[in-house]
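Step one of this worksheet: look at the structure below.
Number of protein chains: 4
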Amino acid sequence: MDAHRDDDVNWLDDDRFHDECGVVAVYGHPEAANLTYLGLHALQHRGQESAGIATVDEGGALHLHRAMGLVQDVFNPAVMPSLPGRIAIGHVRYSTAGGSHVRNAQPFGVEHGGAPLACAHNGNLTNAEALKRELDAAGAIFQTTTDTEVFLHLVARAPKGDVVDRVVHALRAAQGAFSVVFLVGDTLIAARDPHGFRPLSLGILDRAYVVASEPTAFDLIAAEFVRDIEPGEVLVIQRDGIRSLLPFGEVPARFCVFEHVYFARPDSVLGGRSVYATRRRMGAVLSKVAPVEADVVIPVPDSGVPAAIGYAEAAGLPFQMGLIRSHYVGRTFIEPSQSIRHFGVRLKLNPVREVLQNRRVVVVDDSIVRGTTSRKIVKMLRDAGAREVHLRISSPPTRWPCFYGIDTPTRRELIAASHTTDEIARYITSDSLAYLPLEGLREAVNYPSGEGFCEACFTGDYPVSAVPAERLVR
Amino acid sequence: MDAHRDDDVNWLDDDRFHDECGVVAVYGHPEAANLTYLGLHALQHRGQESAGIATVDEGGALHLHRAMGLVQDVFNPAVMPSLPGRIAIGHVRYSTAGGSHVRNAQPFGVEHGGAPLACAHNGNLTNAEALKRELDAAGAIFQTTTDTEVFLHLVARAPKGDVVDRVVHALRAAQGAFSVVFLVGDTLIAARDPHGFRPLSLGILDRAYVVASEPTAFDLIAAEFVRDIEPGEVLVIQRDGIRSLLPFGEVPARFCVFEHVYFARPDSVLGGRSVYATRRRMGAVLSKVAPVEADVVIPVPDSGVPAAIGYAEAAGLPFQMGLIRSHYVGRTFIEPSQSIRHFGVRLKLNPVREVLQNRRVVVVDDSIVRGTTSRKIVKMLRDAGAREVHLRISSPPTRWPCFYGIDTPTRRELIAASHTTDEIARYITSDSLAYLPLEGLREAVNYPSGEGFCEACFTGDYPVSAVPAERLVR
Amino acid sequence: MDAHRDDDVNWLDDDRFHDECGVVAVYGHPEAANLTYLGLHALQHRGQESAGIATVDEGGALHLHRAMGLVQDVFNPAVMPSLPGRIAIGHVRYSTAGGSHVRNAQPFGVEHGGAPLACAHNGNLTNAEALKRELDAAGAIFQTTTDTEVFLHLVARAPKGDVVDRVVHALRAAQGAFSVVFLVGDTLIAARDPHGFRPLSLGILDRAYVVASEPTAFDLIAAEFVRDIEPGEVLVIQRDGIRSLLPFGEVPARFCVFEHVYFARPDSVLGGRSVYATRRRMGAVLSKVAPVEADVVIPVPDSGVPAAIGYAEAAGLPFQMGLIRSHYVGRTFIEPSQSIRHFGVRLKLNPVREVLQNRRVVVVDDSIVRGTTSRKIVKMLRDAGAREVHLRISSPPTRWPCFYGIDTPTRRELIAASHTTDEIARYITSDSLAYLPLEGLREAVNYPSGEGFCEACFTGDYPVSAVPAERLVR
Amino acid sequence: MDAHRDDDVNWLDDDRFHDECGVVAVYGHPEAANLTYLGLHALQHRGQESAGIATVDEGGALHLHRAMGLVQDVFNPAVMPSLPGRIAIGHVRYSTAGGSHVRNAQPFGVEHGGAPLACAHNGNLTNAEALKRELDAAGAIFQTTTDTEVFLHLVARAPKGDVVDRVVHALRAAQGAFSVVFLVGDTLIAARDPHGFRPLSLGILDRAYVVASEPTAFDLIAAEFVRDIEPGEVLVIQRDGIRSLLPFGEVPARFCVFEHVYFARPDSVLGGRSVYATRRRMGAVLSKVAPVEADVVIPVPDSGVPAAIGYAEAAGLPFQMGLIRSHYVGRTFIEPSQSIRHFGVRLKLNPVREVLQNRRVVVVDDSIVRGTTSRKIVKMLRDAGAREVHLRISSPPTRWPCFYGIDTPTRRELIAASHTTDEIARYITSDSLAYLPLEGLREAVNYPSGEGFCEACFTGDYPVSAVPAERLVR
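Residue numbers (the working numbering), protein chains in the order written: chain G, 1 to 474; chain V, 1 to 474; chain Z, 1 to 474; chain A, 1 to 474.
Here it is, written out as structure tokens:
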């Protein structure tokens with residue numbers, strides 16, 4: 001197990017699964033770009049690498065600004081006036097170590113056939129490589145390595161006709177996960193793949209329509225949540241109103257259950273379920289299936305807080321903030337050459353000795369990826385005086401990579417892919433370790449049948465009509 | 001009450017008292033600058049405007065880098081090699097709206113008398129203006145408007161002799177609050193004013209000494225906490241060891257109690273008291289003196305969390321995170337021209353409807369400054385469905401400005417200076433409002449006699465031997 | 001004539017024709033990018049807006065860097081290592097006021113069909129708009145507004161087969177002026193349109209081939225000039241050597257004579273003619289056909305210097321530098337609100353009173369575009385004491401816009417398009433004005449037949465097989 | 001002679017003497033900062049490292065902006081509004097390799113005694129170190145290593161009284177070369193040291209006064225030249241008018257003759273002498289004393305042009321531009337690792353083969369410092385076909401360093417300090433080499449007596465009342 005990078009200073013958020021994107025769209029509002037900016041601000045947790053907005057002005061011209069960085073850094077008072085118009089789409093993208101380049105920032109937009117054509121995408125096309133090869137062979141020139149550009153080429157080469165037909169044509173060619181917004185001339189199209197892997201919601205603000213990855217984006221701009229866009233639904237918003245198409249064959253819904261475990265903001269409501277309440281229930285169920293004699297329950301902040309509260313309530317134990325998180329971004333380039341114990345973890349988390357000393361501590365986290373983080377946290381808690389440390393994870397062991405828009409390590413790096421819970425407990429040196437079993441997760445999220453959600457990262461059971469090429473060849 | 005800026009978009013942290021600085025010093029370590037950098041990182045909450053480090057290298061030359069921005073932005077791998085040496089001092093400074101300029105960034109450092117002379121200061125000299133006028137009349141040229149430069153001129157003009165004598169001479173001329181570190185040649189001097197308004201601690205790492213505003217800075221670099229530097233103590237660290245001077249007349253200690261209420265990190269221990277435990281007790285005492293029938297207790301995150309936990313525990317009510325805080329810095333330049341209800345507050349806080357709907361909610365915050373923030377939070381909670389909203393403040397009403405190193409508004413702007421608690425409750429539209437009384441604060445912090453702490457922001461009772469000039473003339 | 005912008009502060013270089021680009025390519029040298037950088041540095045006079053280099057490394061991967069700015073600013077020690085490989089193409093682009101954007105910087109490069117495809121172009125396609133419309137209708141997505149991208153789409157959609165065939169296929173579709181280099185996989189292709197409007201030369205350095213717009217680029221890198229690439233020639237450089245194709249029908253050569261008048265560097269040799277010697281002869285012929293009684297001959301520096309020397313020699317008059325040019329770039333944003341006489345001109349030129357006072361002055365310039373510059377210079381010379389000012393222009397009146405790669409104003413703005421020489425003299429207030437007649441130009445450049453050169457900017461006689469669409473519709 | 005850095009790529013301007021600064025001041029104009037900016041633009045040749053402007057606004061507040069870079073880069077439309085007021089002083093500073101830091105940029109300015117105090121200086125104080133030691137011992141704190149700050153400390157510590165008296169007090173303490181402007185409250189003071197080493201002129205624009213290092217700065221802003229400020233003169237400009245003081249003992253004037261040889265712009269008039277005419281006469285006298293059979297005379301551009309013209313005229317030989325200079329700044333970081341002959345020189349100069357081939361060439365330059373540049377030029381001319389190369393230098397051999405404001409290498413590096421003209425000719429490989437003898441220089445500049453000018457760099461005869469400390473100790 002020596003391959004684990006124990007000394008990575010930037011580990012805390014790196015040792016998690018990551019959502020790859022968030023999208024926002026506004027139709028029919030004089031401040032379309034401003035509202036899109038604010039919506040992206042609210043979705044910043046879904047991607048911190050780059051941000052972008054495309055608008056169409058009254059004269060039908062495309063405007064586009066995108067750059068590396070946080071929403072608040074990419075956009076400023078000098079940039080916003082360059083984004084006029086009543087229709088806008090926006091995007092935030094997750095920062096991956098490699099392949100990160102401003103070229104790949106979204107939205108992607110061009111003038112085509114005399115009209116603007118732009119696209120912003122959250123998800124991952126499992127047949128992207130095949131589509132690219134076909135398009136390249138047919139003379140298409142690719143500027144980026146994004147799925148989004150694949151969509152645009154598909155639209156550009158679709159049979160001539162109505163723009164909606166052309167976009168649907170392009171979407172039909174795509175497999176995998178897509179929650180995507182298109183701006184075509186003065187038409188806005190929002191679509192969700194048939195499985196509905198990633199979230200996408202519709203809101204309304206005065207007479208304007210708003211689309212966003214999570215409804216929390218509506219709260220900031222005081223838009224009203226209307227409904228989730230359905231799996232397989234293509235929503236067409238035009239000057240004369242809104243209509244809904246269902247152009248794909250019917251397949252079972254497979255909403256990503258990890259959005260509830262970790263990705264989404266706790267103040268979001270997805271598929272009618274409050275994320276906060278769901279997490280709290282995960283903690284409560286976990287308490288029932290994996291109780292332990294202890295003095296205090298603490299979360300790994302911030303993501304572990306609701307589950308820890310739920311655990312503590314159900315167990316009748318006191319909840320305390322035994323670890324304090326620093327919110328000053330936390331990436332740092334310096335590690336003193338003399339090795340400091342648990343250095344990386346200390347940049348973001350520091351124990352509160354008063355809470356831990358001589359206590360039997362239950363610490364609740366949402367998941368274990370490589371195990372290195374958990375190991376450091378357990379040691380830090382012991383160093384701060386904890387008598388016992390019991391780690392409770394509010395989701396099942398993550399054993400499989402995601403091919404539907406989540407950045408996960410390879411199986412080799414997923415500790416639960418090759419180790420039993422006991423082995424993991426030994427590695428992380430906790431006195432006990434328990435995961436929420438799959439049934440518990442289903443109970444907490446409330447889909448006892450196991451239908452309607454994608455659990456592939458726990459089960460390896462990839463939805464049959466969207467089996468990724470990577471799965472077939474490996 | 002219409003003068004309150006209800007529409008300020010950047011309100012959340014602005015509507016609080018602010019600590020003005022943090023200092024770090026390292027003596028005798030080959031990685032002095034790196035360790036100082038990390039210490040400043042841990043003290044980032046004490047100042048986000050600018051950061052700086054000064055070092056003295058083996059040859060006795062001064063090196064200095066400072067700039068506007070967060071610690072992690074000011075220092076980078078290209079900068080660090082320009083800060084060689086085994087002795088370093090560092091500083092973070094709070095961002096005030098006016099007068100903020102890189103010239104005023106600290107440390108301040110010069111070559112004087114053939115040797116380096118540098119200084120970093122947390123506090124506020126109440127006789128700074130008088131000292132500046134005297135020095136200016138005597139031909140001194142000031143580059144900045146900082147107290148720190150006053151210290152350097154005082155040292156430069158002190159009677160010739162031992163460097164320690166000269167620094168003590170300078171310190172004796174100063175009145176008010178100073179927790180200050182000097183680097184003079186290869187001597188490090190750390191001093192705390194006789195009242196000990198601001199914190200300053202000594203740590204040890206291998207054979208190196210470390211000084212920092214809060215011991216939490218020691219945790220990150222794995223230094224061991226030795227003790228607080230005492231009020232009125234001047235600590236001299238030289239090649240041959242460390243010694244302690246007490247050159248000032250004895251006066252009562254007056255440690256800033258607001259460090260416990262809000263400024264310090266909850267994982268710090270100040271004057272032997274765990275900040276987290278103290279805040280939890282504030283909540284518990286508050287629950288006793290201001291109970292209310294309610295369904296749930298929620299904090300205004302992050303500062304209100306420990307007190308809310310304490311309140312909930314003592315009251316036997318469930319604790320929940322009813323407000324989610326966004327940690328993406330949150331300053332934004334855009335407010336849509338159409339007015340959005342509670343726009344500013346939404347950038348940082350969003351309610352969790354599930355927790356609030358139809359509930360009687362106790363919301364715990366640490367203080368009320370202008371009242372505008374509290375008013376917005378109360379409205380936001382009601383909009384999210386709260387049936388009743390009871391605001392509980394874990395400190396007494398703040399009625400007086402601070403002259404000892406805290407950035408406070410004028411009395412005119414302090415709502416509690418001119419309004420009763422009932423009037424404030426009406427303004428903020430809460431169903432009830434209660435403050436922790438002064439006796440309760442003393443109980444929670446554990447100084448029932450009222451001795452040893454400065455409570456001037458609550459009482460207007462400024463320590464007699466450090467009455468600020470501003471108090472005398474107004 | 002009030003439409004002339006007399007108060008433009010940035011006039012001096014703006015009131016000239018401008019070459020639109022320079023290209024460089026290196027094949028088979030371990031320092032390909034470095035040599036290309038230096039070649040671009042030597043061609044900086046051909047374009048100051050943006051610069052770029054594309055390379056192919058040993059593994060066949062494309063590397064590309066381009067940005068707005070001068071060569072020395074775009075490339076730096078941090079950038080160069082990102083351009084590995086033994087094959088490189090480079091480009092400098094002229095700064096036009098509108099449409100200037102980093103997207104349009106060249107080279108343009110993509111991965112296509114699994115191999116790098118990049119292109120850099122000097123010239124102007126007269127059928128670019130028609131080609132773009134056709135390609136767009138066929139589903140091509142355009143990222144830029146450049147001719148270069150048209151080339152790439154044409155190559156990408158050419159019938160499958162040998163890369164050289166595909167590039168030739170693309171070139172055959174193009175009309176107008178192109179001196180262009182392609183990097184396709186590990187093949188370098190350099191081509192010149194059948195008329196050979198713009199220059200392009202072949203050099204050799206050790207065993208590496210070098211291609212550049214002007215041979216002066218060879219001097220800097222100590223490459224040896226081999227020969228001009230011929231009009232209509234396609235030069236293919238591959239691992240196994242170099243070969244020459246002539247895939248276009250034969251048409252008369254039409255080399256841009258204005259390269260000799262103004263664009264090219266005086267130390268270049270184009271078509272076997274020394275630019276310096278040619279310009280000196282222009283001055284000598286001008287002296288014969290337009291003599292004048294005078295005391296001194298001065299140039300408008302720097303471009304007028306060789307012709308002024310030639311004029312002075314032939315006339316037996318003393319040559320002096322009566323105008324001093326500042327070489328600190330000279331664009332400035334400030335014009336004092338009080339109006340200063342000849343303000344703009346003074347930023348770049350200042351008279352030497354000693355040379356001018358009470359003298360009858362012949363001032364030699366290469367061309368007149370709008371006339372505003374000449375008018376200011378004449379006034380400046382008179383203000384400095386010149387008794388008489390006689391303006392001599394070393395080329396014929398420029399009456400027609402260029403469609404072959406030169407940035408010229410519209411006919412409306414060309415003063416000679418609508419005014420006689422006498423009227424122009426009156427406008428610019430010179431005591432006399434004379435142009436070099438077309439026959440004189442042919443004599444100086446040495447093509448008495450009038451064959452082999454494009455003189456369209458003087459005559460409006462656009463080469464029949466490359467009549468631009470703009471000419472047809474107007 | 002192998003110590004010469006033959007491979008320095010940035011040699012051309014580095015292998016010259018350098019003026020260290022230029023100053024501008026404007027009094028009583030609503031656009032004081034704008035005019036100062038333009039004046040600095042015209043004096044850019046006197047310093048390219050940094051630029052700065054200080055103003056005093058109507059309310060008596062000081063405004064200051066300075067940064068590293070060219071005038072046009074340091075100031076921009078965003079900066080200028082931050083420099084309000086009717087009084088301004090400005091400065092450009094030469095880029096020296098070491099010690100270059102924005103701290104040392106000028107003007108230097110502070111608030112002192114409740115009023116602005118700022119200073120900009122061209123020159124060099126020979127007793128600066130002694131003054132600094134005294135001031136430091138008296139408690140002064142230095143922020144920079146500039147003479148300018150010495151002036152400010154001297155003023156700050158002068159006996160209380162009238163500001164003019166205090167500035168004069170400070171000036172009296174200074175030895176060496178200073179052409180300096182002070183802004184004290186609403187008074188402008190311009191002073192020149194008793195020897196008048198460096199130039200300083202007075203101009204008038206409407207009712208405003210302008211002061212500048214060279215009158216060429218007046219031309220750009222259309223100010224009228226009034227007169228040179230005299231050696232030893234202190235000019236006081238106040239609201240009620242202008243007055244002239246002569247507070248220093250009388251000493252012989254010693255104007256730097258090298259200003260005429262190289263530093264000043266050719267369009268300047270210094271001490272009543274046209275720089276252009278003076279240089280042309282240097283060439284003419286040189287032709288008489290060092291004639292040679294030749295076919296053509298060429299300059300090393302740009303500084304050698306007027307002398308080359310003078311030489312050619314007097315010798316009856318044709319003048320040609322045999323070397324073309326690139327004006328794209330020319331500093332470059334890249335030298336191909338394979339060594340290219342005369343690489344450095346080619347970045348700035350390229351030969352015109354047509355002019356040189358088979359010719360006997362006289363090449364005229366203004367001075368030889370290390371000899372490395374001349375050697376490269378001679379070789380470059382031969383490589384381009386010159387049959388003979390005769391180097392003529394329009395000044396005497398430079399054998400001594402300057403202590404009066406010129407950046408010169410040490411004696412060790414001055415080739416003429418240790419080598420005869422024959423040895424130098426052999427090193428630079430010219431067929432012949434001749435310098436203008438001192439008498440010839442005096443004849444050309446027109447001071448046959450040898451009085452009134454400083455010739456120390458040629459003679460080592462440093463003016464007795466300003467012998468630099470460096471001379472005494474070595």
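For every residue, glycine included, the Cβ atom is placed at its ideal position computed from N, Cα and C.
The three-state secondary structure of R157 of chain G, taken from DSSP, is coil. Between the alpha carbons of A212 of chain Z and G90 of chain Z lies a gap of roughly 9 angstroms. At a cut-off of 8 angstroms between beta-carbon atoms, Y435 of chain G makes no contact with chain V. For the segment 355-384 of chain V, the set of residues with a beta-carbon nearer than 8 angstroms to any beta-carbon of chain G comprises V355, in chain order. Contact note: P84 of chain V does not reach chain G at a C-beta cutoff of 9 angstroms; the least C-beta distance is about 14 angstroms. At the C-beta level, D366 of chain Z and V261 of chain Z come within 8 angstroms of one another. Residue nearest to V167 of chain G within the set G:G450, G:P448, G:A307 and G:V234 is G:V234 (criterion: CA-CA distance).
As DSSP reads the structure, V300 of chain Z sits in no beta bridge. Between the C-alpha atoms of V467 of chain A and V257 of chain A there is a straight-line separation of about 18 angstroms. For E439 of chain Z, the enclosing alpha helix (DSSP H) begins and ends at L438 to V445. Between V181 of chain Z and V23 of chain Z the beta-carbon gap is near 5 angstroms, inside 8 angstroms, which marks them as a contact. Judged by DSSP secondary structure, I242 of chain V falls within the beta strand (DSSP E) whose first and last residues are G241 to L245.
As the crow flies, the alpha-carbon of D383 of chain G is around 33 angstroms from that of G69 of chain V. DSSP links D365 of chain G through a beta bridge to G:I393. Excluding the 5 residues flanking it on each side, E451 of chain Z has same chain C-beta neighbours closer than 7 angstroms at P252, in chain order. P301 of chain V is positioned such that its CB atom lies closer than 8 angstroms to that of L323 of chain V.
With a threshold of 16 other beta carbon atoms within 10 Å, L246 of chain Z falls short and is exposed. Residues V164, I189 and R243 of the same chain have their beta carbon placed closer than 6 angstroms to that of V236 of chain V, with the five preceding and five following residues left out of the count. DSSP places E354 of chain Z in the uninterrupted alpha helix (DSSP H) bounded by R353 to L356.
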